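Below: the structure, in structure tokens.
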Amino acid sequence: MDYSIKIGGEAGQGIQTIGDTLSKVFSRAGYHVFTHQDYESRIRGGHNFFQIRFSDKPVTASRDRIDIIVALDKESISLHERELSENGLIICDSSALKQKHEKPYFLDIPFIDLAQQHGNKIMVNTVATGAVLGMLRLDLDILNNIMHDTFKKKGEDLVQANIMAAKAGHAFALENCPKCSFIPSSVSGAKMLIAGIEAIALGAIASGCKFYSAYPMTPSTGIMNYLAGKEKEYGIVVEQAEDEIAAINMALGASFAGVRAMTGTAGGGFALMAEGLSLAGMTETPIVIAVGQRPAPATGLPTRTEQGDLLFCLHAAHGEFSRVIFAPGTPEQAFYLTIKAFDMAEKYQIPAFIIFDQYLADTTWTYDKFELSKLQYNDYRLRGDAFRKLDSYNRHTFTDTGISPLAVPGDSNYLVVTDSDEHDEEGHITEDSEIRIKMVQKRLLKKLPIIKEEIEAPILYGSKHPEILITGWGSTYGVMKEAVDILSRDRSVALMHFSEIYPLPSTEKFDYLALLSNAKMSISVENNATGQFARLIMAETGYEFSHRINKYDGRPFTVEGLLGELDACIGRL
Amino acid sequence: MPVLDDYKGKIPAWCPGCGNFGILKAFKDAMVELGKEPHQLTIVSGIGQSGKFPHYVKCNTFNGLHGRTLPVATGIRLANHEMLVIAVAGDGDCYGEGGNHLMHAMRRNINVKLFVHDNQIYGLTKGQPSPTSMEGMITKNQPFGVFSEQLNPMALAVSLDCSFVARGFAGNTEHLKELMKESVLHKGFSLLDILQPCVTFNKINTYDWYKQRVYHIEPEYKPENRIEAFKKALEWGDRIPLGVIYKNKRLMLEERVPVIKDNPLVRQGFDLSGIDTAMKEFY
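Protein sequence lines, in the order shown, are assigned to chains A and B. The first sequence begins at 0 in the numbering used here and counts up by one. The second sequence begins at 280 in the numbering used here and counts up by one.
Given below as structure tokens:
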């Protein structure tokens, strides 16, 4: 079984509430769930939708065929009617839309009337949620528990009213939908349901992040929202800065003072941080920077998606210094890579990037669990007695690895000195050319090769010796994986996905360059216009992909859309 | 107890006669008299002649970027509010490049001490006007004189209800030292604007120019009255007041953040055992 539900409506109508609630019902029931959202940059009006796919098998992308459309506005019908599957149905309240539909695949449910009869007009969304579960012949136990969790703070009356409203929608669908032929498999074992943006924030908590400063900007704001809600529980200070320049400088201050610190923004805000990034490089102050790419230049399409800032993050900031760039493809990768970013930032005293986009930020995925037992927390800072008992201390001491002791100022009589000017081992300003050379070697040439050893190889999925090798990075993982599943039925094909982007992984453990060279066709798939990753591979290795697929309409790849493009390429094989 | 020698840093690369020497002397004296050990304080400086200041004393140092002293200082204080954090900036640095940060540091009332070496000129870049340069000042880049009105940092600070607002003069180190001490002891964000003659590039606002105009605010003056403070802050020209212009008892940011109420952030450990709780919410 594999069903998709689309809830469409204006901003402010509560499509997200219905979507979130249904997804939770499915994941708690034990289904694999994938959801994505499409919304305009406005608080009210417009047309937005929330799409849920649920199955008894793992799902990693949305599909174009919809089984149930919940239409809260007329556009949901005019724009999405053609996406309906063979036995699909559209449910709407004709009195609310002031529009009658006679076609057989419409189910008219009086959301407003039922809500009013069982409490309050506001509960139309609960009625709709109940109705969808009725159509699927799923019972209301889990929904009732969710209602209880959601509304218990507002009183038992509200909980009961919502339970009644859901029951009314459910009963109406059971009675009035003889055409409903959905048969969900029986599954068990609640799964966790998590969005990419939540996984980054959760990863920050699991990394011992103590300080987060940021200026709100889509699609990164969710990190700040989540961490601000956990300040007391996990001892985190979240400060909303006056601008992105302040955000990164505050995080650097906190890091200098001895705590793990992070900032997050979108491409445009990151442009303002470029100077601070350079400061992190020069002063060797650890910092984690989450950059949510969105279609640009300038303000672009604020709520939409693009992979347009990879090379910007790689090259941003004046001067030459080490950095690492991770681009997770799933919430699970986002969680573990955020933890790895914190670890490497502190270990090597460098800036570490998590780059993502609106698509990864907002898509939710299900997992049995994130394995916590394999996590490690290493505090690389020199604190307390260990710092006090040293024979001497210089913040920027030359070492074989380029890594100097990072001490917590105030913990000892020794002083911690650093400078945005070129500096000597002690941290004081200098213009000496010999010291300059040694400092550049320390910050860049010595550290980077060691850092590279910790970079994991790309994931290979599909044929081990593929004729067609489809390569991508970041958020396109799930869509590419499903496309490869379909193509694999009659082709020798594989997906190679990079989530640890810079420095590029070495080819020692896995010679991905040989694999690329041996394939008859290598296709680079990117959600941007110029193929930034393909250009990075070219620049770093000299390898050139035989084909490129680029999408830059501000929308994510879909499985069907990508298959169409891939077929066009493969036809040429 | 610390002695003056503890604060002996590198030999300054400032011009002979620079107002910064007076500020340096007052600063060392103030720290010694306050009984502060060098490792108990962190100076965050920016870029400009003032930015070199921490290299010429002994202290924990973050010599950051032009205009960005206050965000760094804010981050340090939020991570470790047991540390005395002094931001040293110039007039171009924090009234120009970092103006936005100044405004918001005052609003936040983070307990950072901002000492501004205000020489009314850009020294490091050789003689361009700063936000506090006087209207009409002729420079290489302003052959018709400065058109913009001179920024009044004292009035700006009073208007934003800055917790501690004072002005000192590099030519009167004894008085300046006392102001520095008072600033450090005050609970809340402090702006200490220090009139600092630039002997090389500012030929208008010289030692003599200042000496003819500065006066010590009368002992009976009450700096808690904001309206009177605003009047005092507006005084400039023939008579320039030195001393504490305004102070209030606003709660500091550090007192308002619940997470750091009992223990500085940097002393709060971390272990992975609590993560399960957050994870459960996703089921």
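The beta carbon of each residue, even a glycine, is placed where N, CA and C say it ideally should be. In this text the structure is predicted, and so the values were computed from the model without any measurement.
How close, in whole Å, do the beta carbons of Pro-432(B) and Tyr-374(B) come, if the pair is a contact with beta carbons under 8 angstroms?
Correct: roughly 6 angstroms between the Cβ atoms.
Count the other C-beta atoms from every protein chain shown that fall within 10 angstroms of the C-beta of His-464(A), then say buried if there are 16 or more, exposed otherwise.
It counts as exposed.
Starting from Asp-550(B), find everything on chain D with Cβ-Cβ shorter than 9 angstroms and list it in chain order.
Absent from the structure is chain D; the protein chains it does hold are A and B.
Cβ of Tyr-233(A) less than 8 angstroms from any chain B Cβ?
Tyr-233(A) counts as touching chain B.
Would you identify the three-state DSSP class for Ala-200(A), choosing helix, strand or coil?
Residue state, collapsed to three classes: helix.
Chain B beta carbons: is any one of them nearer than 8 angstroms to that of His-100(A)?
Not an interface residue.
Tell me where the beta strand (DSSP E) around Lys-511(B) begins and ends.
No beta strand (DSSP E) contains Lys-511(B), which is instead part of the alpha helix (DSSP H) from 505-513.
So with CB distances below 7 angstroms, who are the chain A contacts of His-380(B)?
Residues of chain A passing the Cβ test: Glu-241 and Ala-245.
Okay, do the stretch 66-80 of chain A and the stretch 389-405 of chain A touch, 3+ Cβ pairs below 8 angstroms being the bar?
No: fewer than three Cβ pairs fall under 8 angstroms.
Give me, in chain order, the residues of the same chain whose beta-carbon lies closer than 8 angstroms to that of Thr-557(A); leave out the 5 immediate sequence neighbours on both sides.
Correct list, in chain order: Ala-60, Ser-61, Arg-62, Asp-63 and Val-478.
Express the C-alpha separation of Ile-204(A) and Leu-320(B) in angstroms, rounding to a whole number.
Distance between the alpha carbons of Leu-320(B) and Ile-204(A) is about 29 angstroms.
Assign Lys-445(A) to one of three DSSP states: helix, strand, or coil.
In this structure, Lys-445(A) counts as helix in the three-state DSSP scheme.
What does the Cβ neighbour count give for Ile-350(B), buried or exposed, with the cut at 16 atoms within 10 Å?
The amino acid occupying residue 350(B) in the given sequence is Pro; Ile does not appear at that position. That one is buried.
Can you tell me which residues form a DSSP beta bridge with His-495(B)?
Beta-bridge pairing links His-495(B) to Leu-521(B).
Is there a C-beta anywhere in chain A that falls below 8 angstroms from the one on Asp-555(B)?
True, the Cβ-Cβ gap to chain A drops below 8 angstroms.
Could you tell me the boundaries of the alpha helix (DSSP H) in which Tyr-551(A) lies?
Here Tyr-551(A) belongs to no alpha helix (DSSP H), and DSSP marks it neither H nor E.
For the stretch 252-269 of chain A, which residues have a CB atom closer than 9 angstroms to at least one CB atom of chain B, in sequence order?
Those would be Gly-252, Ala-253, Ser-254, Phe-255, Ala-256, Gly-257, Val-258, Arg-259 and Ala-260, in chain order.
Got a sec? Which residues, its chain only, sit under 7 angstroms from Asn-278(A) by beta carbon, not counting five neighbours each side?
According to the sequence shown, residue 278(A) is Leu rather than Asn. Once the five neighbours on either side are set aside, the close Cβ partners of Leu-278(A) are Leu-251 and Ser-419.
Using 8 angstroms as the limit for Cβ to Cβ distance, is Arg-347(B) near chain A?
So, interface residue.
Listing by chain order, which chain B residues have their CB less than 7 angstroms from the CB of Ser-411(A)?
Near Ser-411(A) (Cβ distances below 7 angstroms), the residues of chain B are His-318.
Scan the stretch 417-435 of chain A for residues whose Cβ lies nearer than 9 angstroms to a Cβ of chain B and list them as they occur along the chain.
Of all residues in the stretch 417-435 of chain A, Thr-417, Asp-418, Ser-419, Asp-420, His-422, Gly-426, His-427 and Ile-428 have a Cβ within less than 9 angstroms of some Cβ in chain B.
Just the Cα atoms here: how many angstroms apart are Glu-452(A) and Val-258(A)?
Distance between the alpha carbons of Glu-452(A) and Val-258(A): 26 angstroms.
For Thr-262(A), report the span of its beta strand (DSSP E) as first-last.
That run of the beta strand (DSSP E) goes 260-265.
Between which residues of its own chain and Met-280(B) is the CB-CB distance below 7 angstroms, once the five residues before and five after are set aside?
Excluding sequence neighbours, Met-280(B) sits near Gly-314.
Using a Cβ-Cβ distance under 8 angstroms, would Asn-517(A) count as near chain B?
Output row for Asn-517(A): interface = no.
For a test of the three-state rule: what should DSSP assign to Val-367(B), helix, strand or coil?
DSSP places Val-367(B) in strand when its eight states are reduced to three.
Which residues share a DSSP beta bridge with Ser-3(A)?
DSSP lists Arg-52(A) as partners of Ser-3(A).
For Phe-334(A) and Phe-369(A), I'd like the C-alpha separation in whole angstroms.
Those two C-alpha atoms are separated by around 8 angstroms.
Of all the alpha helix (DSSP H) runs that stay within the bounds of the stretch 63-149 of chain A, which reach a length of 4 or more residues?
Runs found: 73-79, 93-96, 110-116 and 123-134.
Let me know if Ile-548(A) comes out buried or exposed under the rule of 16 or more other beta-carbons within 10 Å of its beta-carbon.
The residue in question, Ile-548(A), is buried, as its Cβ has 16 or more Cβ neighbours within 10 Å.
For the stretch 47-57 of chain A against the stretch 84-91 of chain A, are there 3 or more C-beta pairs whose distance is under 8 angstroms?
No: fewer than three Cβ pairs fall under 8 angstroms.
Please list, in chain order, the chain B residues whose beta carbon lies closer than 7 angstroms to that of Glu-274(A).
Residues of chain B passing the Cβ test: Leu-344.
Can you tell me where the beta strand (DSSP E) holding Val-351(B) begins and where it ends?
Per DSSP, Val-351(B) belongs to no beta strand (DSSP E); it is in the alpha helix (DSSP H), 348-358.
In chain order, what residues of the same chain have a beta carbon less than 6 angstroms from the beta carbon of Gly-13(A), not counting five sequence neighbours either side?
For Gly-13(A), where only same-chain residues beyond five positions count, the Cβ hits under 6 angstroms are Asn-124.
Are any of the Cβ atoms in chain A nearer than 8 angstroms to that of Val-437(B)?
No, no contact with chain A.
Expressed to the nearest angstrom, what Euclidean distance is found between the alpha-carbon atoms of Ala-256(A) and Asp-410(A)?
Approximately 10 angstroms, taken between the alpha carbons.
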